[in-house]
Structure formats: C-alpha cells, structure tokens
Amino acid sequence: MSKIDSLIISTIRDFGVYIPDDIVSLESMDRVFFFNLCLQCLSLIQQDVLEAVSFIADEDDLNHSICSDLADNFIRNGYSMELDFSVFLYPEPDDILHVLTWLTSTISYAREQEKKGAENSLVGGDAILQALSAWRSDTSKGDTPSKPARTLSPMFCRILEREQEEIIHDRFCYEWKTIPVQGIRSLQENPDCSSKVAFHRIQLSSAALDPSSTNAEIVSLQADILRCNRVYYTELHNVKKLEQKITTLKQSIDELNRMIEFTESTIFQKQKIANVIKDIDVYLKRIHDSCDFVTSESSKEEYIYQTERDEISKYMDDLDSEKQTLWEQSQSLLAKIQENRQEIENITAIISERKHEQEELEIMMNHLPQQALREVYTDRLYQLSLRKKETQKRISTVSEEIVSTNRETKEVIERIKELENQIELAIRRAFGSEAEGSTLFNQYSQVKRLFHSFITAMSTIMDVDDTISSILSQCAKVDIPVLCKNYDYVVRDVERLHKENEALEQRIKSLEQTSFR
1 MSKIDSLIIS TIRDFGVYIP DDIVSLESMD RVFFFNLCLQ CLSLIQQDVL EAVSFIADED
61 DLNHSICSDL ADNFIRNGYS MELDFSVFLY PEPDDILHVL TWLTSTISYA REQEKKGAEN
121 SLVGGDAILQ ALSAWRSDTS KGDTPSKPAR TLSPMFCRIL EREQEEIIHD RFCYEWKTIP
181 VQGIRSLQEN PDCSSKVAFH RIQLSSAALD PSSTNAEIVS LQADILRCNR VYYTELHNVK
241 KLEQKITTLK QSIDELNRMI EFTESTIFQK QKIANVIKDI DVYLKRIHDS CDFVTSESSK
301 EEYIYQTERD EISKYMDDLD SEKQTLWEQS QSLLAKIQEN RQEIENITAI ISERKHEQEE
361 LEIMMNHLPQ QALREVYTDR LYQLSLRKKE TQKRISTVSE EIVSTNRETK EVIERIKELE
421 NQIELAIRRA FGSEAEGSTL FNQYSQVKRL FHSFITAMST IMDVDDTISS ILSQCAKVDI
481 PVLCKNYDYV VRDVERLHKE NEALEQRIKS LEQTSFR
C-alpha cells in the first residue's frame, strides 16, 4: 500500500465514513464499494444527493443511468476534471485516486469554513458585550461634567446599529446550517417577530436618548434585540430553505414521473426486443441447421463432381488419343488420295499419248497404200489394245481402292459422330448449366465445328474422287476412236477437276491451320 492510498483512506475514516479493514489500498476496492463510498462522501458535501441517487447492493444494480446521475452530482458540486458514467461503471486506479482526492480536499475545506464561521460569530458576540461593558464603565464614572452619558448616545446608537446588523447576519448565516429546522409553523406561531424587533429597536433608541435610563436597561434591550433578531433570521432562513425544498421536491416529482414513463416505455420496448430476440434465435437455429444440411450436401456434391470430373478428364484424354488416331488415319487417306490423283494424271498423260499415236496412225494410214505395212499397223493396234487393257486394269484397281477408302472414311465419320454425342451427353450430365461446364462445352463445340468442316471437305474430296472414278470407268468403256473424238471434252473436264482439287486443297490447308491453333 502506498502512502497516498493510506493517507486518503485514513482521511475518509476521520470524516466518519466506514471503510473495512481489508481495504488497504485503492486498487483493492471493487466498483460497488467505490460507488457507495463516493455517494456517502458526496452526501457530506451535498445532503440531498441521497434523494437523487441511492446506494447499491451488488453489481446487478450498477448501470449506466445511476452512474450518470452520480457523475452529474459531482459536476454540480464543482468537480472540474473530466467525469462521466464510465468512471463509476468501469473504474480504473487513476480515476479512483482523482475522485477520492477531490472528495477529501472538498470535505476538509468545507469543514474548515464551518469552523471559521462559528469562531467569527462567537468572537463577534463577545466583542459586542465587551464594547457595551467598556462604554457603561466609561460613562458611569462621569469624572468631568463635559462627558455625560447623553453626549455619547447618538454615536453609540449608530455604531451599535451598524455592527449589530453585520454581526447578527454573519452569526445567523452559520447558525441556520447547524440549528435544527423549526419549520414554517414557528412563523405562524410568532407572526409578530419582526414587529417585536422593531419595537425593541425603538425602545433601545429611546433609552439611549433618555438620560434617566440605566445601563442595565440598555443592556437588557440589546439582549432582547439580539434574541429577536436571532429568531427572526432563523425562521426566515427556514422558510427559504423549505421553499427551496418544496421546489426541489416538485422538480424531483416531475422528473420521477418522466423517469417512470420512460422506464415503462423502456420495459415495454425491452419486452418487444426480448420477443424479437427469441424469434431471431429460433430463426438462427433453423438457419444453422439448414447451413449444416447444405454443407453436408455440398460436400457430397463436391465429391460427386470431383469424381465425375476425373472420369470426364480421363474420357477426354481417351477421346484426344482417338482423335489423334483419326487424324493420322485422315492423313493417310489424304496421302492415298494424292497417290490416286497422281495415277489419274498418269492415265490422262497416257490417254494424251494414245491420242497422239492415233493421230500419227491416221496420218500414216492416209499416206500409205492400202496393203502396205499392214502387219505393222496390226501389231501397233494390238499393242494399243494391250495397253488399253492394262490401263483399264489399273483404273479398276484405283477405283476399287478409292471405293474402299471412301467406305472406311464413312465408317470413321459415323464413329466420330457417335463419340461426339456421347461426349456432349457426358458434359451436360456432369456440369449442367455451370460456368466451367459452359466454357468446356463451347470449346468442344468449336472443335466439333472445325472437325465437321474437315469431314465435309473430306466428303467433298471423296465425291470428287468418285466422280473421277466414274469418269475413268466411262473412259475405259469407250473405244479409242470415240475417246480420241471426245478428247477435247475430256481435257476440259480434267482441267475443271484440277481446279476443283486445288480449291479443295487450299480449303483443307486452311482448316488444318485453324484446328492446330
């Protein structure tokens, strides 16, 4: 325990305030004891503070309202430091030290002022008696005829009246605080108090002017005046005090009525809030249960989603591998188509050679006699027929290869369409309308469109190849003279086919570049 704490506690005990022996320092005070101690000390300064603030029994009674009332009473009694309800509701050691220091100093100063007032009043009464005794002794001797008592009476009256008013006022300003309240009834019982004081003052002035009056009569009149003035001022102060108390009580009653109305409304609002809180608790409990259920369901859905996603990822990997395989097969088919085109070009070159040979033979037949070089011509025709048969065999072989290639391509296309349908159904089952599923489905749709464009181009190429094969088969069925006759038409058709093939090659290259991107 510090010296300051022990000094403050001992000073408060000297004031008559009870502090238990187990309270040895300011930090050992709890907030309930601190509140009651401050209220009891403040009642020594302001006696009516207990009418506005009451003592508390436990911490449940300590609230914001009662702490605010006590803080307001401190401020009204001159507490100059910062003070609010938190000092009493949540006291700290520094706050306790400041408040108790102010209380001890204020109570000590008030008691010193009361002691000084009592001493001054007693000294003033003694001074009056001493002055009266000295004046009586001086005037009663009458050593010289030039100083009779009547020559001092006017001066004595003026001095006595002036000092009487000042001393009696100061004395009764102290006595009205210490003498018990007599009430308004005393004024009703003594209605002529002021008239008695005036009557005694007149008697005193007449006795002072009358040379036959004795000093004993003057002293008795002075005593009567003092006694009447004391009663008069006492009753006057009691009346004023009672009027102030009545005004204070009326204000307190109005304040209490307002507080009662406010308390009733507060209780009603609190009941409403309590009911709302109960409903909120029930609703929060339901929400909590719903959140638990949703959490469990979301964990299950997340597990299922992760499983299906893994399966779809695996399936997509398989599809990518199959796509790569199909791409390789399509490349091999393109290579075969290029070979078939090369063979068609070779056949076209052979046909042109045959035409040239036919022209040469026609020229030779026109220049030769009818029987000349008959065998040579026959051999030449026989060789041409053999070459024609070989060419037809080669054309039939190429046509068969083209047909088989087209059949394989159609089978691959049908298989690709089935896989696309399976992939689309799997994506829709796994993702539904989710953003990730929508993105994946859009990418898949784009790849699907590109692949369909590629398949369309392949189908067009196959149709062109079928057309070429049909043309070649028709060419094989036609004899050499007819073929030579229609050679110009064949050349035009071949050129048109070349142009179409070039356009298809450019389109396939552009599709390949787009798909690789």
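Oh and the sequence shown: position 202 is 202 in the UniProt record's numbering, straight run, nothing missing.
Where is the CB? At the ideal position from N, CA and C, for every residue including glycine.
- The three-state secondary structure of Leu-319, taken from DSSP, is helix.
- For Asn-36, the enclosing alpha helix (DSSP H) stretches over residues 31-45.
- Going by C-alpha positions, Asp-30 is about 32 Å away from Ser-265.
- Counting the other Cβ atoms within 10 Å of the Cβ of Thr-409 gives 16 or more, which makes it buried.
- Around the beta carbon of Cys-38, 16 or more other beta carbons lie within 10 angstroms, which makes this residue buried.
- Rounded to the nearest angstrom, the Cβ distance from Ile-395 to Ile-337 is 16 Å, too far for a contact under 8 Å.
- If the five residues before and after Leu-319 are omitted, its C-beta is found closer than 7 Å to the C-beta atoms of Leu-419, Ile-423, all from its own chain and listed in chain order.
- Taking the C-beta atoms as reference points, Ala-52 is found no nearer than 9 Å to Ser-290.
- Of the candidates Asn-340, Thr-104, Asp-292, the residue whose Cα lies closest to the Cα of Asp-5 is Thr-104.
- By the beta-carbon neighbour count (other beta carbons within 10 angstroms, threshold 16), Met-458 is buried.
- Annotation: the continuous alpha helix (DSSP H) that includes Glu-51 extends over 49-52.
- Going by DSSP, Ser-80 is part of no alpha helix (DSSP H) at all; its letter is neither H nor E.
- The Cβ neighbour count for Val-276, taken over all protein chains shown within 10 Å, is under 16; the residue is labelled exposed.
- In this structure, the alpha-carbon of Tyr-283 lies about 27 Å from that of Glu-302.
- Take the alpha-carbon of Met-316 and the one of Phe-293: they are about 34 Å apart.
- When the beta-carbon positions are compared, Ile-413 and Ile-455 come within less than 9 Å of each other.
- With respect to the 9 Å criterion, Leu-97 and Leu-26 are classified as neighbours on the basis of their beta carbons.
- Only buried fits Asn-406, as 16 or more other CB atoms lie within 10 angstroms of its CB.
- Take the alpha-carbon of Asp-21 and the one of Ser-10: they are about 11 Å apart.
- Boundaries of the alpha helix (DSSP H) around Ser-6: 3-14.
- DSSP places Val-398 in the helix class (H, G or I) of the three-state scheme.
- DSSP, reduced to helix, strand and coil, places Ala-57 outside both helices and strands of the structure shown, so it counts as coil.
- Apart from the 5 residues on each side of it in sequence, Phe-55 sits with its Cβ closer than 7 Å to the Cβ of Asn-36, Leu-39 in its chain, given in chain order.
- Shown here for Gln-513: not one same chain residue has a beta carbon closer than 8 Å to its own, the five before and five after excluded.
- In this structure, Glu-308 is the residue among Glu-308, Glu-495, Glu-82 with its C-alpha nearest to the C-alpha of Ala-426.
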